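Take the sequence shown: its letters are residues 163 to 291, numbered as in our numbering. No residue lacks a Cβ here, since even glycine has one placed at the ideal position from N, Cα and C. Remember, it's a predicted structure, so these values are computed and weren't measured experimentally.
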Amino acid sequence: MLTADMEADAGFQAFADELRSPGQPVIAPERFAAAMHLRQQDLAQLARVHRTTVAEAPTNAKLQAFMRDTLRVLSAAMGVAGDRDRAIYWYRNTPIPKFQHRTAEHLVSTGKTDAVVSYLLSIESGSAA
């Protein structure tokens with residue numbers, strides 16, 4: 163199991179590294195949007211920033227926080243789903259009964275990141291209800 167965990171961690175780290183803004187310690191919004199199959203205006207809406215913020219202020223604290231929170235959830239989801247594509251699909255599309263059938267994407271957008279991560283960790287440990 164340790165080897166599988168290490169492989170999953172390495173896979174997630176490679177994914178996160180792909181999103182890095184060259185030469186800066188921040189996530190590149192255009193790379194993030196492409197990886198998540200989002201238009202930049204949709205990313206702005208989910209991050210709850212003005213539509214021009216993605217292109218004009220890519221280091222905006224609120225935008226960066228949303229993208230980091232998404233990565234937290236995807237890291238946990240990859241532990242359950244097994245790979246990046248399944249984790250992203252789950253994050254964007256799967257209603258979660260425990261959260262009034264809202265998607266993880268919606269929950270992260272509304273500030274419920276910790277609840278989603280806790281939910282995923284409970285699934286991974288086999289104790290989800």
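Taking C-beta atoms under 8 Å as the contact rule, L181 and A206 fail to qualify, at a distance of about 17 Å. The DSSP assignment places complete alpha helix (DSSP H) segments of no fewer than 4 residues inside the stretch 214 to 249 at 215 to 218, 223 to 243, in order along the chain. Taking 8 Å as the cut-off, the beta carbon of L208 is found closer than this to the beta carbon of F228. 8 Å or more divides the Cβ of R254 from the Cβ of T272. Looking at the DSSP output, I258 bridges to R264. With distances taken between CA atoms, E286 lies nearest to V235 out of V235, V270, F261, R210. Taking C-beta atoms as the reference points, R230 and I189 count as a pair closer than 8 Å.
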